[in-house]
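Heads up, our numbering is the position in the sequence shown plus 4, with the first residue counted as 1.
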Amino acid sequence: MSAFEKLQSMLDAAMKQAGEESSMLLGQNLTVAASDVLNTDRKSYLAGEDGAIYVVGVESREAYPGRFYLLFSLGDAIVMSSILLGIPGPRVQEKRRLSIQEPDDVDAFGEIANQIIGSFNSVFQPKLPDKVHLKLLSPVKYIPEVDLLTDQIPFPDGSYLMYRAPLEITGYEMNRLDIMIPPALANLFDPQPEETAEEEAPVPPAEEAAAEAAVAVPPSVLVLGDDEVRQEIMEGLAPGGFRLVDAPMGADLPALFSAGDVRVAVVSLKRTFDRDLAICKRVVPMLKKCEGSLLLCAPEWTRSAVLKALKAGARDILMMHPLDLRELNLKVEKLVHP
């Protein structure tokens, strides 16, 4: 297998999650494909890049100090920010073609970037042995032969591992995201052995049988809420083979999560006001302990409410009037088996 396979797996998982959560924010499906990786340096990269780019720096703190960079084509950044701003399709295409990035675009893309880095933090933290915290730096726009090239702009000189992931939004011509990670930081995230490790010892038959038995146990799905929608959700999920836990909003959450096997919590809300979304503060920390995910259902979702839900830790949302049982099962299945 290739080097840094754990790091590539984390990056792909983070970008897949970022695509799913950004899709809710944009109101349009954003797909991020699996990445290809190659070794490069800034000189080689910029020599082969004649288009404008939008560079989002990420500072890694705690036990993994360093910086890496998310490189979008400027056109892709403009498309995403324009969709978030609700700009009509023809105008979006024109802005992309002419590389028109206005102050509102910068602010809107900042929301998207915050969403992306939230996904990175939620994926990296449980997969790394020590504490990590990723923080966004100010983005940098770079147009070749227009903007000044320095040792630090658009990103620092040096060698990088480049993870290239194609982007896709239906109806728009999109390019890709390039994630540039210095080898030293990559080695902190995913230490590489100096010599070939010994082959793993075969798993004893008894342990293998126990592992298979554990896999056979159906995942636990908590359905939480105060109204008849909760029962509708329970009935809709019943044929899916999930182990369902039915609970009112005021239930004893620590007791419900004590077994540590809740893979998804489906919470039905009557509204999406701040006081309703406050339930996330109670549920999300418990879900993180068992690597579970939160799905919120509500009668209606405004763009502002979606953003607040995502910031509060929701992995997905669902309209409940009418409740689409097929969509419900697909979303739960996707969260149980990401």
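Where is the CB? At the ideal position from N, CA and C, for every residue including glycine.
Thinking just about the alpha-carbon of each residue, which of the options is nearest to the one in residue i?
i           : options            : result
residue 339 : 74, 269, 144, 90   : 269
residue 117 : 55, 178, 85, 323   : 85
residue 276 : 171, 306, 297, 156 : 306
residue 99  : 114, 111, 115, 81  : 81
residue 36  : 240, 247, 180      : 180
residue 223 : 240, 244, 16, 230  : 244
residue 138 : 248, 60, 225, 266  : 60
residue 252 : 246, 229, 143, 260 : 229
residue 280 : 297, 289, 303      : 303
residue 278 : 313, 246, 267      : 313
residue 324 : 301, 342, 42       : 301
residue 177 : 69, 83, 284, 50    : 83
Residue i and residue j: beta carbons closer than 9 Å?
i           : j           : result
residue 63  : residue 141 : yes
residue 93  : residue 78  : no
residue 183 : residue 19  : yes
residue 315 : residue 130 : no
residue 71  : residue 164 : no
residue 39  : residue 167 : yes
residue 310 : residue 14  : no
residue 267 : residue 297 : yes
residue 22  : residue 123 : yes
residue 30  : residue 121 : no
residue 294 : residue 261 : yes
residue 17  : residue 96  : no
For the alpha helix (DSSP H) containing residue i, list its first residue and its last residue.
i           : result
residue 109 : 107-131
residue 239 : 232-241
residue 193 : 187-193
residue 93  : 93-102
residue 310 : 307-315
Buried or exposed: residue i, going by 16 or more other Cβ atoms within 10 Å of its Cβ?
i           : result
residue 12  : buried
residue 326 : exposed
residue 282 : exposed
residue 320 : buried
residue 109 : buried
residue 147 : exposed
residue 236 : buried
residue 175 : exposed
residue 299 : buried
residue 335 : buried
residue 104 : exposed
residue 90  : exposed
residue 171 : buried
residue 328 : exposed
residue 185 : buried
residue 156 : exposed
residue 234 : buried
In terms of residues, what are the limits of the beta strand (DSSP E) holding residue i?
i           : result
residue 320 : 320-323
residue 166 : 163-173
residue 250 : 247-251
residue 142 : No beta strand (DSSP E) contains residue 142, which DSSP labels as neither H nor E.
residue 300 : 297-302
residue 70  : 70-77
residue 64  : 57-66
residue 43  : 40-45
residue 269 : 266-272
How many angstroms separate the CA atom of residue i from the CA atom of residue j?
i           : j           : result
residue 287 : residue 257 : 8 Å
residue 25  : residue 317 : 10 Å
residue 125 : residue 333 : 27 Å
residue 7   : residue 196 : 7 Å
residue 150 : residue 57  : 12 Å
residue 241 : residue 33  : 24 Å
residue 73  : residue 48  : 16 Å
residue 264 : residue 111 : 39 Å
residue 132 : residue 193 : 7 Å
residue 75  : residue 113 : 13 Å
residue 154 : residue 227 : 54 Å
residue 248 : residue 290 : 17 Å
residue 143 : residue 232 : 46 Å
residue 225 : residue 187 : 40 Å
residue 145 : residue 158 : 7 Å
residue 107 : residue 152 : 20 Å
residue 189 : residue 198 : 16 Å
residue 41  : residue 68  : 21 Å
Quick one: is residue i near chain C, going by C-beta distance under 9 Å?
i          : result
residue 28 : Note that chain C does not occur in the displayed structure, where there is just one protein chain.
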